[in-house]
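Report on the following structure.
In the working numbering, the protein residues as written are 1 to 261.
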């Protein structure tokens, strides 16, 4: 069984499934995907991801504000975030983090928001789901400062081994998406071959970043199978063992998730 550890079920392009999220999830289940973590990105979609987690027994969710969704001039309120995290199907915080690639001018505001999420993690013990792009030094510095006991995951990882190693040394997990299958991703494949087996997750980040051979098309949770098969081959492992291991890792990192099997 596989887990899609990071997907945006409220944003999927469902045209391949006649507009039906039920059908999209069932297609993933038929390919061995047994659980889904639906990710919050803003105050506006917190209610949507919680509703999806309530609706489907094999869906849990996170709540948080993506760095590119932080409202101009205002970091999210800690009280709001803590209240949202009380929901029983909210098993993680985020996605949060820093993205200077698109909004370098918003670095200070993003840091304020990231710090709110890290404080919520300190208070609740729930793991954080981290987005980082173009902000390596600041991301690592803030994670070191927070020193979270339950850490979290650097999702859709695209950085080098030095950053991966630094995060692993702090107790974080590394999650890989369809990007690892792209032709120009040799450096990321090097990282993928080195991450310890017990600290690796797989994801789609759907509807974004569909793996080969679907690159350029809308991504779907069912395609996490392609990511997992590619990584198992890359690492010289059987697919069955890789799927089992990454599912064990997910359950360890997100102990409140209601994963069956």
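Note that the Cβ used here is the ideal one computed from N, Cα and C, for glycine as well. Quantities reported herein were computed from a predicted structural model and do not represent experimental measurements.
{"Check": "Where residue 79 and residue 64 are concerned, what is the direct C-alpha to C-alpha distance, given to the nearest angstrom?", "Outcome": "12 Å"}
{"Check": "Tell me whether residue 226 sits in a helix, a strand or coil according to DSSP, three-state version.", "Outcome": "helix"}
{"Check": "In whole angstroms, what separates the C-alpha of residue 208 from that of residue 179?", "Outcome": "10 Å"}
{"Check": "Exposed or buried, which one is residue 5 when buried takes at least 16 other CB atoms within 10 Å?", "Outcome": "buried"}
{"Check": "Is there contact between the stretch 167 to 176 and the stretch 197 to 205, where contact requires at least three CB pairs shorter than 8 Å?", "Outcome": "yes"}
{"Check": "Considering only the alpha carbon of each residue, which of 191, 193, 154, 49 lies closest to residue 11?", "Outcome": "49"}
{"Check": "Once DSSP output is grouped into helix, strand and coil, what is the label at residue 239?", "Outcome": "helix"}
{"Check": "According to DSSP, simplified to helix, strand and coil, what is residue 71?", "Outcome": "strand"}
{"Check": "Using 10 angstroms around the beta-carbon of residue 101, count the other beta-carbons present and answer buried if the total reaches 16, otherwise exposed.", "Outcome": "exposed"}
{"Check": "Using the Cα positions of residue 16 and residue 156, report the straight-line distance between them to the nearest angstrom.", "Outcome": "24 Å"}
{"Check": "Between residue 242 and residue 55, what straight-line distance do the alpha-carbon atoms span, to the nearest angstrom?", "Outcome": "29 Å"}
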